[in-house]
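The numbering of the sequence shown is our numbering, which starts it at 292 and goes up by one. All residues carry an ideal CB built from backbone N, CA and C; glycine is no exception. Quantities reported herein were computed from a predicted structural model and do not represent experimental measurements. What follows is a single structure, written as structure tokens, with notes after it.
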Amino acid sequence: MKKSITLFFLLTFISILSSQSTIRQKTLIQKDSIKKSKLVLESQDKKIDSLNNVLSVFKPFKREAHASYYADKFNGRKTTSGRKFDNNKYTAAHKKLAFGTKVRITNEKNGKWVIVEITDRGPFVKSREIDLSKRAYMDITSNKGSGGMLVTIEVMTK
């Protein structure tokens, strides 16, 4: 009985914290949506609780950026940072952001977002700003058949 009461209060506390962070983050970017987020972020073969990432402050970096995703042929290859690329993780490639930077990518059409880690350089096409892993891209896209979308990029500040 005591365990269930403690669990109830713990879950209530976490939900209050996450709702307060949503209000704080919506002042930065109005198209934020916490409803369809992933609760677990995978990075370097470890599962990291992304509640800390949700409670973090994100600084706007670029709006209306064109995002695409990695082709399957790159799966398993070494990235510029030295890590092995996996299309099933939440990673991305950016031309200038430092390796290891956590970035929130928000689809401007539907408000869905994911938090990814920069692990590679690219894309090497002038019109594109960021390449996402296939898993991250498919989680936020509204049209699974398209190869690109407009996103907002926000950098996590600590």
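Check                                                                                                                                                      : Outcome
Per DSSP, K393 forms a beta bridge with which residues?                                                                                                    : E408
Based on the DSSP secondary-structure assignment, which residues constitute the bridge partners of S359?                                                   : D422 and G439
Are the beta-carbon atoms of A389 and I421 separated by less than 8 Å?                                                                                     : no
Can you tell me which residues form a DSSP beta bridge with I444?                                                                                          : K353 and I396
Return the residue from the list R395, R374 and S359 that minimises the CA-CA distance to M447.                                                            : R395
If I follow the unbroken beta strand (DSSP E) through T382, where does it start and stop?                                                                  : T382 to H385
Taking a contact to mean a Cβ-Cβ separation below 8 Å, would you say G436 touches A358 in this structure?                                                  : no
Given S372, which residues of its chain have a CB within under 7 Å of its CB, disregarding the five upstream and five downstream residues?                 : F390, T410 and D411
Which partner residues does V348 have in the DSSP bridge list?                                                                                             : T448
Exposed or buried, which one is R368 when buried takes at least 16 other CB atoms within 10 Å?                                                             : exposed
Use the C-beta contact count for P414: other C-beta atoms within 10 angstroms, 16 or more gives buried, fewer gives exposed.                               : buried
Suppose the cutoff is 6 Å on Cβ atoms and the five residues either side in sequence are ignored; what does the same chain contact list for R419 look like? : H357 and S359
N378: buried (16+ other C-beta within 10 angstroms of its C-beta) or exposed?                                                                              : buried
Inspect the beta-carbon positions of F352 and I431 and report whether they are closer than 8 Å.                                                            : no
Do A427 and V442 have their C-beta atoms closer together than 8 Å?                                                                                         : no
On the CB-based measure, 16 or more other CB atoms within 10 Å of its CB, does S433 come out buried or exposed?                                            : exposed
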